[in-house]
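In the working numbering, the protein residues as written are 286 to 371.
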(Lines of atoms letter the chains of each structure in order from A and count residues from 1; the text may use other names and numbers.)
(Lines give C-alpha, C1' and ligand atoms only; values in the text may rest on other atoms or scores of the structure.)
Protein backbone atom coordinates (compact mmCIF):
# COMPACT_ATOMS: atom_id res chain seq x y z
CA UNK A 1 0.00 0.00 0.00
CA UNK A 2 1.72 3.15 -1.22
CA UNK A 3 0.98 6.43 0.51
CA UNK A 4 1.21 9.58 -1.58
CA UNK A 5 3.23 12.24 0.20
CA UNK A 6 4.30 15.54 -1.34
CA UNK A 7 7.63 16.16 0.35
CA UNK A 8 8.25 19.44 -1.49
CA UNK A 9 4.96 20.90 -0.28
CA UNK A 10 5.69 19.66 3.24
CA UNK A 11 9.15 21.28 3.20
CA UNK A 12 7.68 24.56 1.94
CA UNK A 13 5.07 24.56 4.72
CA UNK A 14 7.73 23.96 7.35
CA UNK A 15 9.96 26.68 5.90
CA UNK A 16 7.06 29.15 5.93
CA UNK A 17 6.54 28.30 9.60
CA UNK A 18 10.12 29.35 10.36
CA UNK A 19 11.96 26.02 10.28
CA UNK A 20 15.28 25.95 8.47
CA UNK A 21 15.41 24.33 5.05
CA UNK A 22 17.87 21.63 6.19
CA UNK A 23 15.69 20.64 9.12
CA UNK A 24 12.53 20.74 7.00
CA UNK A 25 14.15 18.43 4.42
CA UNK A 26 15.32 16.04 7.14
CA UNK A 27 11.82 15.90 8.65
CA UNK A 28 10.23 15.34 5.24
CA UNK A 29 12.63 12.49 4.48
CA UNK A 30 12.02 10.87 7.87
CA UNK A 31 8.26 11.16 7.47
CA UNK A 32 8.37 9.80 3.91
CA UNK A 33 10.33 6.69 4.96
CA UNK A 34 8.31 5.90 8.11
CA UNK A 35 5.46 3.98 6.39
CA UNK A 36 7.99 1.90 4.43
CA UNK A 37 9.85 0.97 7.59
CA UNK A 38 6.62 -0.07 9.23
CA UNK A 39 5.70 -2.28 6.28
CA UNK A 40 9.17 -3.80 6.04
CA UNK A 41 9.04 -5.15 9.58
CA UNK A 42 11.45 -2.72 11.20
CA UNK A 43 8.79 -1.56 13.65
CA UNK A 44 7.12 -3.76 16.25
CA UNK A 45 3.47 -4.62 15.87
CA UNK A 46 0.97 -5.51 18.59
CA UNK A 47 1.46 -9.18 17.72
CA UNK A 48 5.23 -8.81 18.15
CA UNK A 49 4.77 -7.28 21.58
CA UNK A 50 2.25 -9.96 22.59
CA UNK A 51 4.68 -12.69 21.52
CA UNK A 52 7.50 -11.08 23.46
CA UNK A 53 5.29 -10.87 26.57
CA UNK A 54 4.47 -14.58 26.24
CA UNK A 55 8.15 -15.48 25.82
CA UNK A 56 9.09 -13.32 28.81
CA UNK A 57 6.46 -15.08 30.95
CA UNK A 58 7.90 -18.46 29.92
CA UNK A 59 11.42 -17.31 30.77
CA UNK A 60 10.23 -15.98 34.12
CA UNK A 61 8.67 -19.33 35.03
CA UNK A 62 11.83 -21.18 33.97
CA UNK A 63 13.96 -18.85 36.09
CA UNK A 64 11.67 -19.43 39.06
CA UNK A 65 12.13 -23.19 38.68
CA UNK A 66 15.89 -22.80 38.37
CA UNK A 67 15.94 -20.64 41.51
CA UNK A 68 14.23 -23.36 43.52
CA UNK A 69 16.55 -26.01 42.09
CA UNK A 70 19.55 -23.91 43.12
CA UNK A 71 18.14 -23.39 46.62
CA UNK A 72 17.63 -27.14 46.96
CA UNK A 73 21.19 -27.89 45.82
CA UNK A 74 22.70 -25.28 48.15
CA UNK A 75 20.65 -26.61 51.06
CA UNK A 76 21.81 -30.16 50.29
CA UNK A 77 25.46 -29.12 50.10
CA UNK A 78 25.12 -27.10 53.32
CA UNK A 79 23.60 -30.07 55.11
CA UNK A 80 26.48 -32.31 53.95
CA UNK A 81 29.04 -29.76 55.15
CA UNK A 82 27.30 -29.46 58.54
CA UNK A 83 27.10 -33.27 58.82
CA UNK A 84 30.79 -33.64 57.96
CA UNK A 85 32.05 -31.13 60.53
CA UNK A 86 29.52 -31.44 63.35
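Heads up, the beta-carbon is just placed ideally off N, CA and C, and yes, glycines get one too.
Predicted model only: the values in this text are computed from it and were never measured.
With distance defined between alpha-carbon atoms, name the residue in the options nearest to residue i.
i, options, result
"residue 290", "302, 301, 314 and 303", "314"
"residue 312", "302, 292 and 301", "292"
Determine, using beta carbons only, whether residue i and residue j come nearer to each other than 8 Å.
i, j, result
"residue 309", "residue 299", "yes"
Report the rounded CA-to-CA distance for residue i versus residue j, giving the unit in angstroms.
i, j, result
"residue 335", "residue 343", "13 Å"
"residue 320", "residue 328", "10 Å"
"residue 360", "residue 341", "28 Å"
"residue 296", "residue 338", "40 Å"
"residue 372", "residue 370", "Nothing about residue 372 can be read from this structure; the chain reaches only from 286 to 371."
"residue 351", "residue 368", "26 Å"
"residue 294", "residue 330", "30 Å"
"residue 332", "residue 362", "45 Å"
"residue 303", "residue 348", "55 Å"
Quiz item: What are the start and end residues of each continuous alpha helix (DSSP H) run of 4 or more residues lying completely inside the segment 323–358, in chain order?
Solution: The alpha helix (DSSP H) runs lying completely inside the segment 323–358 and spanning 4 residues or more number zero.
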